[in-house]
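Novice: Residue numbers (the numbering used here): 89 to 226.
1. Smallest Cα separation from residue 158: which of 146, 148, 141 and 173?
2. Cα-Cα, which of 218, 184, 190 and 213 is closest to residue 82?
3. How is residue 89 classed by DSSP in three states: helix, strand or coil?
4. Spatial neighbours of residue 206 within its chain, please: CB distance less than 7 Å, with the 5 preceding and 5 following residues excluded, ordered by chain position.
5. Residue 119 to residue 147, Cα distance in whole Å?
6. Please report how far the alpha carbon of residue 199 lies from the alpha carbon of residue 102, in whole angstroms.
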């Protein structure tokens with residue numbers, strides 16, 4: 089499932105602002121990932137366009153990583169995302185930290201992460217967790 093944007097202007101313009109002054113594609117990647125990671129994690133619809141996630145300022149794994157892929161592509165960075173099946177007690181793991189969130193997650197679910205090809209290297213990234221959730225899992 090790849091969601092392509094028909095209107096990329098807003099995403100492109102915001103990506104340009106984020107990477108101003110960056111010294112290379114790796115730094116552009118890091119800045120865009122930092123921007124998207126800061127969006128709050130919230131469960132929602134899977135097939136949300138990147139532009140909608142950008143306007144909302146939140147999303148789940150598929151939404152946040154899709155936005156990052158759209159922004160990276162707008163900067164000429166080859167990027168895509170892939171699906172991982174999570175069946176090994178993922179819900180029980182989340183339940184230790186957030187029972188309300190865990191109750192919204194099915195026993196078996198899929199997880200979306202991103203991939204980018206920069207300077208001859210494949211980088212696998214996952215921007216799902218926002219800073220608050222990362223602190224909670226630490």
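Backbone N, C-alpha and C fix where the C-beta goes; we use that ideal spot for every residue, glycine too.
Small disclaimer: the values here were computed from a predicted structure and weren't measured.
Specialist: Concretely, from the data shown:
1. Position 70 of the chain shown holds residue 158. The shortest C-alpha separation from residue 158 is found at 141.
2. Residue coverage of the chain in this structure runs from 89 to 226, which leaves residue 82 outside it and unanswerable.
3. Here residue 89 is taken as the residue at index 1 of the chain shown, counted from 1. Any answer about residue 89 is weak, because its pLDDT of 31 lies below 50 and its placement is not dependable; what the coordinates show is given next. Looking at residue 89 - three-state DSSP - the assignment turns out to be coil, as it is neither helix nor strand.
4. Taking the chain shown and counting its residues from 1, the one referred to as residue 206 is at position 118. Excluding residues within five positions, the ones whose Cβ falls inside 7 Å are 113, 114, 117 and 165.
5. Reading the chain shown from its first residue, position 31 is the one you call residue 119. Reading the chain shown from its first residue, position 59 is the one you call residue 147. One C-alpha to the other measures close to 18 Å.
6. The residue labelled residue 199 in the question sits at position 111 within the chain shown. The residue labelled residue 102 in the question sits at position 14 within the chain shown. Answer to the nearest angstrom: the Cα atoms are 26 Å apart.
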